[in-house]
Amino acid sequence: CRCVGMLRRPSVAEEGEVWDGKDLDDLEDLERQEIARRQTEAASGAAPPPQVADRPVPVVQECSTFRWSQDKETVTVEVPMPRKVTTEEIRLGVGPDSIELSVFGLPEFAGLSGALFGPVRPDTVHYELLEPGDDGLDQIFRIRMHKAAEAGTVEMWYGFLYGGQVAPLLQYQGKNDVCSWRQKPECLEVVVSLPTGCKPDVDLLPNGRRMRVTCRSDGNVILDEDLYGAIHPDQSTWFWDGDELSIDLIKREDYKSENKVSWWPALSAAEFQKSVEKGITGRASWEDSRVSLE
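Under the UniProt record's numbering, the sequence shown is numbered contiguously, ending at residue 294.
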């Protein structure tokens, strides 16, 4: 199922704007002057600002807690949800130069918060809540907005949020041929599929960095992974029921991030490395950014 909605633009009173008393004709004249100045700069072929001139322009990019993409007129951002949510639980606010996204009752959710890399038109913001698809198990909250570039100009962004860091997209749950897993801030819940008749042994190394599952009868290795982060082996538990082995891995606090949220980007170091090698940065040169991206 897909839930679709449109963000209503707040009224002037709701935004807290106050009329400054200037004559409307004066404001329109100032606006015309600003448009003319920008068009003159664009026609002169002026180089981009020196602080960003040597940086590639991304077309699609992953930044840990979100993935964003752009074309000449719009910006789209996709945010994985840590659990199944409804649109009523999502709090979204978009201003001309900022965004705020949170989930009600889920304070540990990193969400989105900060200054946008460029101006947008809040009255054009659309959002939709997408159910898991072939590319992952997480719900995705997708937001699409129009850039506030002047008519007839093309504005490409070097990032979505100021201060954002390029990194593989966070997964709240995943699966492979051997196991499936989902995570909470304090633990990972892993379910391992066992061969028929296998009586499992679970070995968690004392350093909390490796997990190994074998069959007791023949020593056959079912799962042997270097974990992305560290766990408490003595606090972690496992339960065997038929062809399924359930393991609860308790994360170690000293591997939590600065904001005290210990989400892992992947279950294992190998999975994380694959994400890095995949490298979704969508880079284009500054010259490429001036042409159509369609």
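Cβ coordinates follow ideal geometry from the N, Cα and C atoms, glycine included.
| What are the boundary residues of the beta strand (DSSP E) that includes Gln173? | In the DSSP assignment, Gln173 falls within the beta strand (DSSP E) that extends over 173 to 175.
| task | Could I get the ranges of all uninterrupted beta strand (DSSP E) runs contained in the segment 152 to 230, with 3 residues as the minimum, in chain order? | result | For the segment 152 to 230, whole beta strand (DSSP E) runs of length 3 or above, ordered along the chain, are 173 to 175, 179 to 183, 187 to 193, 200 to 204, 210 to 215, 221 to 226.
| request: In angstroms with no decimal places, state the Cα-to-Cα distance between Gly197 and Leu188. | output: Going from the Cα of Gly197 to the Cα of Leu188 covers about 26 Å.
| message | With distance defined between alpha-carbon atoms, name the residue in Tyr158, Ser246, Pro80 nearest to Thr69. | response | Reading off the sequence, residue 69 comes out as Ser, not Thr. From the listed residues Tyr158, Ser246, Pro80, the smallest Cα separation to Ser69 is found for Tyr158.
| query | Taking C-beta to C-beta, are Ser98 and Gly111 nearer than 8 Å? | reply | In this structure, Ser98 keeps its C-beta atom at 8 Å or more from the C-beta atom of Gly111.
| task | Go through its chain and collect everything with a Cβ distance to Lys22's Cβ below 7 Å, but skip five positions before and after it. | result | Any reading at Lys22 is ruled out, since the residue's pLDDT is 38, under 50, leaving its predicted position unreliable.
| field | Inter-stretch contact at 8 Å, needing at least 3 Cβ pairs: the segment 159 to 166 / the segment 119 to 128 | value | Three or more Cβ pairs closer than 8 Å define a contact, and the segment 159 to 166 falls short of that threshold against the segment 119 to 128.
| query | Is it buried or exposed for Ala233, if we count other Cβ within 10 angstroms and need 16 for buried? | reply | Here residue 233 is Pro; the residue named in the question, Ala, does not match the sequence. Buried, since its Cβ has 16 or more Cβ neighbours within 10 Å.
| Own chain residues within Cβ distance below 7 Å of Asp26, not counting five before or after | In this prediction, Asp26 has a pLDDT of 46, which is less than 50 and means its spatial position is unreliable; nothing more can be read from the coordinates.
| field | Same chain, Cβ closer than 6 Å to Ile143, five either side skipped, listed in chain order | value | Closer than 6 Å at Cβ, skipping near neighbours: Val77, Tyr127.
| Does the Cβ-Cβ distance between Met145 and Thr74 come in under 8 Å? | Closer than 8 Å, so yes.
| Contact set for Lys175: own chain, Cβ-Cβ below 8 Å, skip 5 residues either direction | Taken in chain order, the residues that qualify are Leu137, Trp181.
| According to the Cβ coordinates, are Cys179 and Val166 closer than 8 Å? | For Cys179 and Val166, no; Cβs fall outside 8 Å.
| For Ala269, which three-state DSSP category applies? | Shown here, Ala269 sits in a helix according to DSSP, grouped into three states.
| request: Look up Gln61 in the DSSP assignment and give the residues it is bridged to. | output: Residue pairing by DSSP puts Gln61 in a beta bridge opposite Trp68.
| query | If you draw a straight line from the alpha carbon of Pro56 to that of Arg209, how long is it in whole angstroms? | reply | Each residue's CA atom was taken as its position, placing Pro56 and Arg209 some 36 Å apart.
| query | Do you know how far the Cα of Val120 is from the Cα of Phe239? | reply | Rounded to the nearest whole angstrom, the C-alpha separation of Phe239 and Val120 is 51 Å.
| In DSSP terms, what Lys251 is bridged to | Checking the DSSP bridge columns, you'll see Lys251 partnered with Ile231.
| request: Return helix, strand or coil for Thr87, following the three-state DSSP convention. | output: DSSP, reduced to helix, strand and coil, places Thr87 within a helical segment of the structure shown.
| In DSSP terms, what Ala115 is bridged to | Beta bridge pairing from DSSP links Ala115 with Ser98.
| task | Measure the alpha-carbon distance for Phe272 versus Leu249 and round it to whole angstroms. | result | If I take the Cα positions, the gap works out to 18 Å.
| said: Rounded to whole angstroms, what is the Cα-Cα separation between Leu169 and Leu227? | reply: Roughly 17 Å between the two C-alpha positions.
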